[in-house]
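Numbering (the working numbering), first residue to last: 1265 to 1375. Ideal Cβ positions, reconstructed from N, Cα and C, are used throughout, including at glycine. Computed from a predicted structure; not experimentally measured.
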Amino acid sequence: MPDYQWKLTIVERNLSLSNWMNLMPEAQEQMLEEADELIGDVPLVDSQRLLALLETLQDHTEEQVHSKISQILSHQSSSQISHPWERNLQNTNLTADVLQMDLWASLKSVS
C-alpha cells in the first residue's frame, strides 16, 4: 500500500457530502488543505476523484467554504504542470526511445 493511501482514504471519506456535514468547521478546513496537497501527490485517477468530490461539495456549502473550494479547483486547473506520475512515464518513454535508437545504430554498424 502506498504511503499516501491512508491519508487519501480519510480525506475521501470526509469529503463525501454525508460525512462533510458532520465535521466541525476546523476539520472541514483541514480536509480542504489535505485534499489540496494530495491532489498534486497522488496518481491521476485519485486526483480526479478528489476533484470530483470537491466539485460536489462546492454546490452544497456555505459561501466561505464555497470560495475556498473554488480556489483549490482553480489552482489545480491553472497549474497545467504535468502530473509527477506523467513526467516519470514520459522520462521512461524517452529513455526507451534512446535505447532503441542506440540498439538500431549498433545493429546497422554490424551489418
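Limits of the unbroken alpha helix (DSSP H) element including residue i
{"i": "Asn1278", "result": "Gln1269 to Leu1279"}
{"i": "Thr1320", "result": "Leu1308 to Gln1322"}
{"i": "Pro1289", "result": "Pro1289 to Asp1305"}
Local Cβ density within 10 Å of residue i, reported as buried at 16 or more and exposed below that
{"i": "Ile1274", "result": "exposed"}
{"i": "Gln1344", "result": "Residue confidence is low: Gln1344 scores 40 on pLDDT, short of 50, so the model does not pin down where it sits. Its coordinate-derived value is still stated next. Burial call: exposed."}
{"i": "Ser1331", "result": "exposed"}
{"i": "Asp1267", "result": "exposed"}
{"i": "Ala1299", "result": "buried"}
Assumed close pair residue i, residue j - CB separation to whole angstroms, cut-off 8 Å
{"i": "Val1306", "j": "Leu1337", "result": "So it is not a contact: roughly 16 Å between Cβ atoms."}
{"i": "Asn1255", "j": "Met1265", "result": "Residue 1255 lies beyond the range of the chain shown here (1265 to 1375); nothing can be said about it."}
{"i": "Leu1314", "j": "Glu1276", "result": "7 Å"}
Reference residue i; option with closest CA among the options
{"i": "Asn1376", "options": "Thr1325, Glu1301 and Gln1340", "result": "The chain is shown from 1265 up to 1375; residue 1376 falls before or after that span and cannot be answered."}
{"i": "Leu1321", "options": "Gln1340, Gln1292 and Gly1304", "result": "Gln1292"}
{"i": "Leu1318", "options": "Leu1308, Ile1333, Arg1277 and Gly1304", "result": "Ile1333"}
{"i": "Asp1323", "options": "Leu1308, Glu1276, Ser1280 and Met1288", "result": "Ser1280"}
{"i": "Val1329", "options": "Gln1269, Glu1276, Leu1287 and Trp1270", "result": "Leu1287"}
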